[in-house]
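Asker: Sharing a structure with you now.
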Amino acid sequence: MNYNTLRRLAREGEGARIEFKRSTAELKTALETLCGYLNERGGTVIVGAKNDGTITGMQIGEETRHRLAAELRKFEPVPSIQYDMVQVPNRNLYALAFFANPSAELRPYTFDGRPYERVDNTTRVMSQQRYQQLLLERVQAQIRWETGTQNIEIWDLEEEQILATFRRGVESGRIPEAIGRNPSDILDRLNLLIEGKPTNAALVLFGKEVLPRYPQCLLRLGRFRGFDKSEFIDNRQVYGNVFRLVEESLLFLRRHLPVSGRVQPGLFEREDELLFPLHALREALVNAFCHRDYSLAGGSVSLAIYDDRLEVWSDGTLPIGMTIASLKQDHQSRPRNPLIASVLYKRGLVESWGRGTQKIVELCVDAGHPEPEFFEQAGAVGVRFIPREYIAPNRVALDLTSRQREILQVLSGRAPGLPLREIAAALSNRYRKALLRSDLDQLRRLDLVGTEGHARGAVWFLQRT
Numbered sequence: 002m003n004y005n006t007l008r009r010l011a012r013e014g015e016g017a018r019i020e021f022k023r024s025t026a027e028l029k030t031a032l033e034t035l036c037g038y039l040n041e042r043g044g045t046v047i048v049g050a051k052n053d054g055t056i057t058g059m060q061i062g063e064e065t066r067h068r069l070a071a072e073l074r075k076f077e078p079v080p081s082i083q084y085d086m087v088q089v090p091n092r093n094l095y096a097l098a099f100f101a102n103p104s105a106e107l108r109p110y111t112f113d114g115r116p117y118e119r120v121d122n123t124t125r126v127m128s129q130q131r132y133q134q135l136l137l138e139r140v141q142a143q144i145r146w147e148t149g150t151q152n153i154e155i156w157d158l159e160e161e162q163i164l165a166t167f168r169r170g171v172e173s174g175r176i177p178e179a180i181g182r183n184p185s186d187i188l189d190r191l192n193l194l195i196e197g198k199p200t201n202a203a204l205v206l207f208g209k210e211v212l213p214r215y216p217q218c219l220l221r222l223g224r225f226r227g228f229d230k231s232e233f234i235d236n237r238q239v240y241g242n243v244f245r246l247v248e249e250s251l252l253f254l255r256r257h258l259p260v261s262g263r264v265q266p267g268l269f270e271r272e273d274e275l276l277f278p279l280h281a282l283r284e285a286l287v288n289a290f291c292h293r294d295y296s297l298a299g300g301s302v303s304l305a306i307y308d309d310r311l312e313v314w315s316d317g318t319l320p321i322g323m324t325i326a327s328l329k330q331d332h333q334s335r336p337r338n339p340l341i342a343s344v345l346y347k348r349g350l351v352e353s354w355g356r357g358t359q360k361i362v363e364l365c366v367d368a369g370h371p372e373p374e375f376f377e378q379a380g381a382v383g384v385r386f387i388p389r390e391y392i393a394p395n396r397v398a399l400d401l402t403s404r405q406r407e408i409l410q411v412l413s414g415r416a417p418g419l420p421l422r423e424i425a426a427a428l429s430n431r432y433r434k435a436l437l438r439s440d441l442d443q444l445r446r447l448d449l450v451g452t453e454g455h456a457r458g459a460v461w462f463l464q465r466t
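Encoded structure:
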């Protein structure tokens with residue numbers, strides 16, 4: 002937001018959905034008002050403005066920024082709040098504009114342990130009766146989400162993924178072959194149809210297009226330089242069904258995690274291994290997609306790689322009665338999304354019930370790493386992988402050149418693949434085909450790409466899970 006836009010907004014004057022505060026001395030009451038907006042239909046708070054809407058601004062130093070960040074962390078559950086710091090022209094003064102975007106599935110919100118509401122143009126502590134009513138509405142929304150429907154049709158789903166689930170389920174003995182190969186029959190057997198209509202769970206698992214109705218089908222990927230998020234090397238967001246997002250996350254790991262090589266006895270080729278055991282990483286990612294709270298429209302699964310750790314997050318809290326400590330012990334499986342969990346089990350992405358987190362720990366310890374850390378924070382659950390050694394800022398520079406990264410980008414989303422001549426034509430610069438073929442061979446050894454066919458008929462594609 003720029004200054005002119007902010008000034009036009011302020012000229013509308015204070016009202017039921019906009020309020021002004023003179024300075025950060027009133028920051029606490031400003032955020033209480035913001036909490037009230039979150040529990041209603043949303044609203045705006047401008048800090049650094051007079052009651053008549055004149056933008057005066059204020060000085061904002063490092064101490065104020067830290068205080069603001071600390072105060073924003075006092076909201077529960079984690080809300081969708083956008084805020085802009087807008088400079089007053091020709092002066093070292095700034096105004097803060099906060100925009101509350103509430104979610105009916107998250108209300109009631111609290112700030113500093115208290116729920117607030119707006120009544121006309123005033124903010125007050127919410128009554129216990131209203132608070133309990135909003136809590137009940139939130140629980141009901143979460144309970145019905147997986148089995149709800151939103152006018153989805155079977156042709157909105159990827160038939161290829163449905164049939165792949167059937168094939169792998171039959172191969173593992175987890176799906177009876179007798180149900181046939183009709184997608185509708187398979188979905189019905191997987192309990193993903195209600196009165197012939199696909200459920201929300203079906204769309205999460207197999208949807209062709211998830212936007213705009215399902216923005217929570219989101220994967221956030223980041224490779225950051227250093228130990229925080231201040232500088233990123235690669236940062237992207239991907240929308241799609243669970244199977245596509247798992248594939249994208251594994252591809253991202255292969256791009257950015259260091260690899261080590263070893264020669265197997267009797268073999269002449271090097272076998273490359275990721276820094277962390279691939280099975281442990283996949284287990285963590287599948288758990289995140291399986292157990293996250295899909296009723297949160299603004300939710301996501303996040304994968305972040307730093308120089309000293311790797312973290313996987315998913316929005317949603319642990320089930321009642323489950324603790325962080327119990328994740329490393331034998332425990333009963335209580336998936337938040339039993340229908341989604343059941344399909345992932347039948348597909349083979351979940352190997353056993355109730356042992357996923359223990360398996361992650363065992364695999365990492367066996368590989369010589371410290372035990373991964375599980376944590377619950379700010380309405381999300383995560384696992385932190387700690388390496389036995391420093392993670393280089395770029396994944397082994399000798400493995401991936403900028404040209405090789407561009408090849409991966411060209412192949413992304415190009416199912417069933419491209420021949421060498423089309424890959425060459427899509428690149429930003431012209432390269433000798435012998436050079437590109439050498440790049441593709443190296444990417445194949447890293448298990449990033451695969452090939453089908455021979456000679457001029459060969460087609461290259463991204464490796465799938």
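Going by the working numbering, 301 is the number at position 300 of the sequence shown; the sequence numbering is gapless. For each residue, glycine too, the CB sits at the ideal point set by N, CA and C.
My guess is that Pro80 and Leu39 are in contact by the Cβ rule of under 8 Å, so how many angstroms apart are they, rounded?
Answerer: 5 Å
Asker: Under a three-way DSSP split, which group does Leu447 fall into?
Answerer: Leu447: coil per DSSP, three-state reduction.
Asker: Going by C-alpha distance, which of Glu312, Glu64 and Lys329 is nearest Phe515?
Answerer: The structure shown does not extend to residue 515, since the chain is modelled only from 2 to 466, so the question has no answer here.
Asker: What did DSSP end up calling Val344 once you bin it into helix, strand or coil?
Answerer: helix
Asker: Quick one: complete beta strand (DSSP E) runs, 3+ long, within the stretch 360-385?
Answerer: Within the stretch 360-385, the complete beta strand (DSSP E) runs of at least 3 residues are 374-378.
Asker: Between Met59 and Leu220, what straight-line distance do the alpha-carbon atoms span, to the nearest angstrom?
Answerer: 37 Å
Asker: Kindly indicate which three-state DSSP category Ile19 falls into: helix, strand or coil?
Answerer: Three-state result, Ile19: strand.
Asker: Jot down the residue ranges of each uninterrupted alpha helix (DSSP H) in the stretch 113-193, minimum 4 residues, whole runs only, in chain order.
Answerer: Qualifying alpha helix (DSSP H) stretches, in chain order: 129-146, 160-173 and 184-190.
Asker: By the three-class DSSP mapping on this structure, what secondary structure does Gly300 have?
Answerer: coil
Asker: Sort Glu27, Ala285, Leu340 and Glu372 by Cα distance to Leu188 and report the nearest one.
Answerer: Leu340
Asker: With 16 as the cutoff for other CB atoms within 10 Å, does Trp146 come out buried or exposed?
Answerer: Buried, by the Cβ-count rule.
Asker: With burial defined as no fewer than 16 other Cβ atoms inside 10 Å of the residue's Cβ, what is the status of Gly49: buried or exposed?
Answerer: With 16 or more other Cβ atoms within 10 Å, it is buried.
Asker: Given Cys36, which residues of its chain have a CB within under 6 Å of its CB, disregarding the five upstream and five downstream residues?
Answerer: Tyr110, Phe112 and Tyr117
Asker: Between which two residues does the alpha helix (DSSP H) containing Glu407 stretch?
Answerer: Under the DSSP assignment, Glu407 falls in the alpha helix (DSSP H) whose first and last residues are Ser403 to Leu412.
Asker: Could you say which of Leu286, Asp308 and Ser315 lies nearest to Gly300 if we only look at CA atoms?
Answerer: Ser315
Asker: Can you tell me whether Val162 is buried or exposed, with buried defined as 16 or more other CB within 10 angstroms of its CB?
Answerer: Here residue 162 is Gln; the residue named in the question, Val, does not match the sequence. Result: buried.
Asker: Distance check for Leu304 and Phe290, CA to CA, integer angstroms please.
Answerer: 12 Å
Asker: Are Phe225 and Glu159 touching if we call contact CB-CB under 8 Å?
Answerer: Not a contact, by the Cβ cut-off of 8 Å.
Asker: Per DSSP, Arg224 is paired with what?
Answerer: Asp235 and Ile306
Asker: Following the continuous beta strand (DSSP E) through Thr45, name the residue where it begins and the one where it ends.
Answerer: Gly44 to Val48
Asker: Kindly indicate which three-state DSSP category Leu399 falls into: helix, strand or coil?
Answerer: Low confidence applies to Leu399: its pLDDT is 42, below 50, so where it sits in the model is not reliable, and the reading given next is rough at best. Coil, per DSSP.
Asker: With DSSP collapsed to three states, give me the class of Ala31.
Answerer: helix
Asker: Run the CB neighbour count on Phe376, radius 10 Å, all protein chains shown included, and call it buried at 16 or more, exposed below.
Answerer: exposed
Asker: With a threshold of 8 Å on Cβ separation, who are the neighbours of Leu268 within its own chain once the five nearest residues in sequence on each side are excluded?
Answerer: Model confidence at Leu268 stands at a pLDDT of 44, short of 50, so the residue's coordinates are unreliable; what they give is reported in the following sentence. Result list for Leu268: empty, nothing under 8 Å.
Asker: Ends of the beta strand (DSSP E) at Ala98?
Answerer: Tyr95 to Asn102
Asker: Would the stretch 121-128 and the stretch 66-76 be scored as touching if the rule is three or more Cβ pairs under 8 Å?
Answerer: no
Asker: Between Thr166 and the rest of its own chain, which residues show a CB-CB distance below 6 Å, the 5 nearest in sequence each way excluded?
Answerer: Arg348
Asker: Note down the Cα distance separating Phe253 from Val450, rounded to an integer number of angstroms.
Answerer: So the alpha carbons of these two residues sit roughly 13 Å apart.
Asker: Let me make sure I understand the geometry here. Which of Thr402, Pro320 and Val287 has the alpha-carbon closest to that of Gly357?
Answerer: Val287
Asker: What are the residues that DSSP puts in a beta bridge with Gln83?
Answerer: Phe100
Asker: With DSSP as the reference, label Phe76 as helix, strand or coil.
Answerer: strand
Asker: Rounded to a whole number of angstroms, what is the C-alpha to C-alpha distance between Thr30 and Val382?
Answerer: 30 Å
Asker: Pick helix, strand or coil for Asp316, following the three-state DSSP scheme.
Answerer: Looking at Asp316 - three-state DSSP - the assignment turns out to be strand.
Asker: Which residue from Thr57, Asn93, Val89 and Thr45 puts its Cα closest to that of Pro103?
Answerer: Thr45
Asker: Does the Cβ of Ile424 have 16 or more other Cβ atoms within 10 Å, making it buried, or fewer, making it exposed?
Answerer: buried
Asker: Going along the chain, which residues of its own chain have a beta-carbon closer than 7 Å to the beta-carbon of Asp121, five neighbours each way excluded?
Answerer: Ala17
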